[in-house]
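Visitor: Position in the sequence shown (from 1) plus 30 gives the number in my numbering. Please find one structure pasted underneath; my questions will follow.
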Amino acid sequence: MTEATQPKQLTGAQALVESLERVGVDVVFGIPGGAILPAYDPLGQSQLVRHILVRHEQGAAHAAEGYAMATGRVGVCMATSGPGATNLVTGLADAYMDSVPIVAITGQVNSTAIGTDAFQEADIRGITFPITKHSFLITRPEDIPGAIKAAFHIAGTGRPGPVLVDISKDALASTAPFTWPSTVDLPGYRPTINPHARQVRQAARLIAEAKRPVLYVGGGIVKAQAYAELNELVKISGIPLVTTLMARGAVPDSEPLNLGMPGMHGTVAAVGALQRADLLVALGTRFDDRVTGKLDTFAPHAKVIHADIDPAEIGKNKPVDVPIVGDVKLVIAELNQQLRGADLGDHSAWVTYLSHLKAKYAFTPEPTKDGVLSPEYCIKRLGEVAGDAIYAAGVGQHQMWAAHLLPFEKPGRWLNSGGAGTMGYCVPAAMGAQVGAPGEVVWGIDGDGCFQMTNQELVTCALNGIPIKIAVINNESLGMVRQWQTLFYGGRYSNTNLESRRVPDFPMLAEAMGAVGLRAETPDEVDEVLAKAMAINDRPVVVEFVCHKDAMVWPMVAAGTSNDDIMIARDLAPDWEDEIL
């Protein structure tokens with residue numbers, strides 16, 4: 031090897047930054063600290079990678095999620111050892127549950143000190159083992175390029191998910207030849223992408239035989255960006271569909287066959303369709319308990335076709351008649367080929383029945399209740415004003431109202447914490463989405479409880495020119511918990527009253543963090559503040575909506591009960607009208 035062709039000598043920190051540049055990273059959300067500090071010197075000099083200094087590591091992880099959801103690329107967060115790394119854990123768990131591709135890079139104490147309880151040492155690989163797709167502990171600088179390339183490959187392929195790369199401080203500080211691997215060699219990691227043709231043919235036969243089929247569409251459709259294929263399947267088959275919380279927008283709500291969201295707080299039509307179906311075509315979904323209710327009563331008359339890229343999900347909760355392992359985009363494309371021109375029978379009575387349920391139980395919120403703003407009305411008006419914005423939601427009642435009332439006409443514009451149900455997700459996720467999609471309007475819909483967990487990232491947004499807009503639904507309580515206390519605990523409101531009409535003053539808090547703070551207490555003011563918020567695009571905006579404390583999310587299936595026991599209001603069940611079938 032000549033001197034000119036010899037690998038260049040780089041410190042591990044320099045190798046890390048160059049590796050990030052080579053995999054196409056353009057932004058990292060993080061906070062420096064002792065163990066990761068060597069990396070921040072070359073990172074600060076990079077012309078390709080922007081670092082955004084967050085105010086809490088949890089915010090960095092959620093921002094990486096928001097970036098990934100808005101762009102379809104792998105998000106990146108960075109933290110130091112010990113508490114820096116452990117502060118990422120909630121975001122990693124969130125990303126794992128919702129199959130979001132992120133790479134978390136953490137500093138670790140010197141390799142010679144690992145296992146000695148050194149200052150700010152934590153076994154972050156061990157801590158995150160159950161909530162990461164894979165993890166690396168790197169103690170030699172020459173291993174950094176290969177680990178980074180592999181981490182991004184694992185995070186973004188197959189079923190996406192979070193990957194952790196933990197690097198000891200001496201590996202970052204030491205020098206070694208930089209060698210970029212030409213390929214990723216991961217024995218045993220071979221995601222099945224192409225579905226088996228025989229299974230697709232079997233699925234097509236079941237669909238042709240079904241009298242009451244339903245497309246049960248999950249978040250895997252979003253990860254695979256299988257929107258065109260799914261919409262074609264709906265047109266070819268004429269089969270009604272439901273879109274889970276993670277799949278809202280995959281098919282426009284204006285599509286007559288779209289029955290909305292199923293599950294604990296699903297629509298009557300969506301829940302009824304699953305319960306009365308004779309065939310479920312489950313696409314990129316995992317039969318979550320929030321959808322199935324009491325599992326042994328879920329879709330009792332239905333045969334099941336289940337397509338997913340993760341074989342571990344198939345049959346995990348619900349027995350399956352036709353399993354299809356593969357990329358759901360390719361699965362649906364092949365299914366469309368099989369169904370195009372086929373005799374699929376007459377589903378008109380089934381469609382008429384479900385359309386009747388959809389119309390009968392459609393919900394139009396009133397502006398006020400007892401003279402106080404209705405939170406549902408505020409969210410609906412926000413959607414009408416903002417249109418096809420990118421929306422991020424926190425967790426709780428406002429999340430469910432948003433899932434029902436926002437305008438889901440375009441795909442890939444809905445971010446929320448589904449599997450983990452992480453309060454505090456909204457503000458940093460909206461921040462990450464705005465960074466990933468700087469030309470878009472990004473609205474966060476948060477509750478007064480959620481907002482108080484991670485609102486410090488508004489400072490990050492103000493200082494970095496990230497003009498997110500946050501709607502705070504202030505019902506002065508932990509609303510979803512209060513709803514349960516009303517329904518199941520005799521109205522004994524133990525520790526759910528936030529008193530957030532007194533402290534804090536949300537508009538003043540927003541102003542103190544460099545954002546614009548607005549408040550609405552009447553229907554007229556709702557439109558006024560929304561117009562003002564939409565006109566501000568050079569800094570973050572927080573709009574507080576002072577809302578009724580006792581608004582409830584309906585419909586509702588109580589935890590542990592059957593979907594057949596759905597309530598449309600307290601002690602009120604829907605009239606299923608069997609004679610329509």
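Built from N, CA and C at the ideal position, the CB exists for glycine as well.
#1: Assess contact between the stretch 275-288 and the stretch 398-415, defined as three or more Cβ pairs (one per stretch) separated by less than 8 Å. Is contact present?
#2: For Gln39, which residues does DSSP report across the bridge?
#3: CB Ile157 to CB Thr116, shorter than 8 Å?
#4: Excluding the 5 residues preceding and the 5 following Glu609 in the sequence, name in chain order all residues of the same chain whose CB lies nearer than 8 Å to its CB.
#5: Please report the residue range of the beta strand (DSSP E) in which Tyr383 lies.
#6: Identify every residue that forms a DSSP beta bridge with Cys577.
#7: Between the stretch 234-250 and the stretch 200-210, can you find at least three pairs of beta-carbon atoms closer than 8 Å?
#8: Pick helix, strand or coil for Ile66, following the three-state DSSP scheme.
#9: As a quick exercise: from Pro131, Ala227 and Val119, pick the residue whose alpha carbon is nearest that of Phe159.
#10: When DSSP labels each residue in this structure, what does Pro353 get in the three-state scheme?
#11: In angstroms with no decimal places, state the Cα-to-Cα distance between Gly449 and Pro131.
#12: Give a yes or no on contact between the stretch 205-219 and the stretch 349-359, applying the rule of three or more CB pairs nearer than 8 Å.
#13: How big is the Cα-Cα spacing for Ala392 and Ala177?
#14: With burial defined as no fewer than 16 other Cβ atoms inside 10 Å of the residue's Cβ, what is the status of Gly63: buried or exposed?
#15: Once DSSP output is grouped into helix, strand and coil, what is the label at Phe166?
#16: Would you tell me roughly how many angstroms separate the C-alpha atoms of Pro604 and Gly293, rounded to the nearest one?
#17: Would you mind working out which of Ile144, Asp196 and Cys577 sits nearest Leu403, comparing C-alpha positions?
#18: In terms of residue numbering, what span does the beta strand (DSSP E) encompassing His620 cover?
#19: Pick out whichever of Gly191, Ala69 and Glu285 has its Cα sitting closest to the Cα of Lys265.
#20: Quick one: grab the DSSP three-state call for Lys265.
#21: Answer yes or no: do Val281 and Leu260 have a C-beta to C-beta separation smaller than 8 Å?
#22: Quick check: what's the CA-CA separation for Thr35 versus Ala206?
#23: So does the stretch 585-596 actually touch the stretch 301-310, counting three or more Cβ pairs closer than 8 Å?
#24: Under the assumption that Cys456 contacts Gly474 (Cβ atoms under 8 Å), give the Cβ distance between them as a whole number of angstroms.
#25: Three-state secondary structure (DSSP) at Ser141?
#26: Sorted by chain position, which residues of the same chain lie with C-beta nearer than 8 Å to Gly102's C-beta, five sequence neighbours on each side aside?
#27: Going by C-alpha distance, which of Val471, Leu374, Ala337 and Ala143 is nearest Pro243?
#28: Measuring straight from C-alpha to C-alpha, what distance separates Pro458 and Tyr257?
#29: Do Ser204 and Pro225 have their C-beta atoms closer together than 8 Å?
#30: When DSSP labels each residue in this structure, what does Gly474 get in the three-state scheme?
#31: DSSP beta-bridge partners for Ile132?
#32: Looking at the unbroken beta strand (DSSP E) that takes in Phe182, where does it start and where does it end?
#33: DSSP state of Arg600, grouped into three classes?
#34: Out of Gly424, Met461 and His428, which one is the CA nearest neighbour of Gly451?
#35: So what does DSSP say about Ile503, is it helix, strand or coil?
#36: Just to confirm the assignment: which complete alpha helix (DSSP H) runs, minimum length 4, are found wholly within the stretch 199-244?
Guide: Looking at the coordinates:
#1: Taking 8 Å as the limit for Cβ pairs, the verdict is that the stretch 398-415 does not touch the stretch 275-288.
#2: Position 9 of the sequence shown, counted from the start, is the residue given in the question as residue 39. Residue pairing for Gln39: DSSP places it in a beta bridge opposite Pro207.
#3: Position 127 of the sequence shown, counting from 1, holds the residue named residue 157. Position 86 of the sequence shown, counting from 1, holds the residue named residue 116. It is a contact, given that the beta carbons lie within the stated cut-off.
#4: In the sequence shown, residue 609 corresponds to position 579, counting from 1. Residue confidence for Glu609 is low, a pLDDT of 47 falling below 50, so the modelled location carries little weight and cannot support an answer.
#5: Taking the first residue of the sequence shown as 1, we reach residue 383 at position 353. That residue, Tyr383, is in no beta strand (DSSP E); its alpha helix (DSSP H) goes Ser378 to Lys390.
#6: Here residue 577 refers to the residue found at position 547 when the sequence shown is read from its first residue. Paired residue(s): Leu403.
#7: With fewer than three CB-CB distances shorter than 8 Å, the stretch 200-210 does not count as touching the stretch 234-250.
#8: Within the sequence shown, residue 66 is the residue found at index 36, counting from 1. Ile66: coil per DSSP, three-state reduction.
#9: Indexing the sequence shown from 1 puts residue 159 at position 129. With distances taken between Cα atoms, Phe159 lies closest to Val119.
#10: For the purposes of this step, residue 353 is identified with residue 323 of the sequence shown, where counting begins at 1. It is a strand residue.
#11: In the sequence shown, the residue the question calls residue 449 occupies position 419. In the sequence shown, the residue the question calls residue 131 occupies position 101. Our two residues, Gly449 and Pro131, have alpha carbons roughly 15 Å apart in a direct line.
#12: no
#13: Numbered from 1 along the sequence shown, position 362 holds the residue referred to as residue 392. Numbered from 1 along the sequence shown, position 147 holds the residue referred to as residue 177. Taking the Cα positions, Ala392 is about 51 Å away from Ala177.
#14: Looking up residue 63 in the sequence shown gives position 33. Gly63 should be labelled buried.
#15: Locating residue 166 in the sequence shown gives position 136, where the first residue counts as 1. Strand.
#16: The residue labelled residue 604 in the question sits at position 574 within the sequence shown. The residue labelled residue 293 in the question sits at position 263 within the sequence shown. Answer to the nearest angstrom: the Cα atoms are 15 Å apart.
#17: Position 373 of the sequence shown holds residue 403. That would be Cys577, whose Cα lies nearest to the Cα of Leu403.
#18: In the structure as shown, the chain starts at 31 and stops at 611, and residue 620 therefore has no counterpart that could be examined.
#19: On the sequence shown, position 235 is the one that residue 265 refers to. Checked all of Gly191, Ala69 and Glu285; the closest Cα to Lys265 is Glu285.
#20: Taking the sequence shown and counting its residues from 1, the one referred to as residue 265 is at position 235. Looking at Lys265 - three-state DSSP - the assignment turns out to be helix.
#21: Within the sequence shown, residue 281 is the residue found at index 251, counting from 1. Within the sequence shown, residue 260 is the residue found at index 230, counting from 1. Contact flag set, yes.
#22: Working through the sequence shown from its first residue, we reach residue 35 at position 5. Working through the sequence shown from its first residue, we reach residue 206 at position 176. Their Cα atoms are separated by approximately 15 Å.
#23: yes
#24: Position 426 of the sequence shown, counting from 1, holds the residue named residue 456. Position 444 of the sequence shown, counting from 1, holds the residue named residue 474. Right, the Cβ-Cβ distance comes to about 4 Å (below 8 Å), so this counts as a contact.
#25: On the sequence shown, position 111 is the one that residue 141 refers to. DSSP places Ser141 in helix when its eight states are reduced to three.
#26: As a position in the sequence shown, residue 102 is number 72, starting the count at 1. For Gly102, where only same-chain residues beyond five positions count, the Cβ hits under 8 Å are Gln255 and Gly442.
#27: Translated into positions along the sequence shown, residue 243 becomes position 213. Residue Leu374 is the option with its Cα nearest to Pro243.
#28: Here residue 458 refers to the residue found at position 428 when the sequence shown is read from its first residue. Here residue 257 refers to the residue found at position 227 when the sequence shown is read from its first residue. Their Cα atoms are separated by approximately 27 Å.
#29: Looking up residue 204 in the sequence shown gives position 174. Looking up residue 225 in the sequence shown gives position 195. At a Cβ-Cβ threshold of 8 Å, Ser204 and Pro225 do not count as neighbours.
#30: Numbered from 1 along the sequence shown, position 444 holds the residue referred to as residue 474. Correct three-state label for Gly474: strand.
#31: Locating residue 132 in the sequence shown gives position 102, where the first residue counts as 1. According to DSSP, Ile132 bridges with Gly105 and Pro192.
#32: Position 152 of the sequence shown, counting from 1, holds the residue named residue 182. Note, Phe182: premise wrong, no beta strand (DSSP E); alpha helix (DSSP H) at Ile174 to Gly186.
#33: Numbered from 1 along the sequence shown, position 570 holds the residue referred to as residue 600. Note: Arg600 maps to coil in three-state DSSP.
#34: The count along the sequence shown starts at 1 and reaches residue 451 at position 421. Closest option to Gly451, Cα to Cα, is Gly424.
#35: On the sequence shown, position 473 is the one that residue 503 refers to. Looking at Ile503 - three-state DSSP - the assignment turns out to be strand.
#36: Runs found: 199-203 and 227-239.
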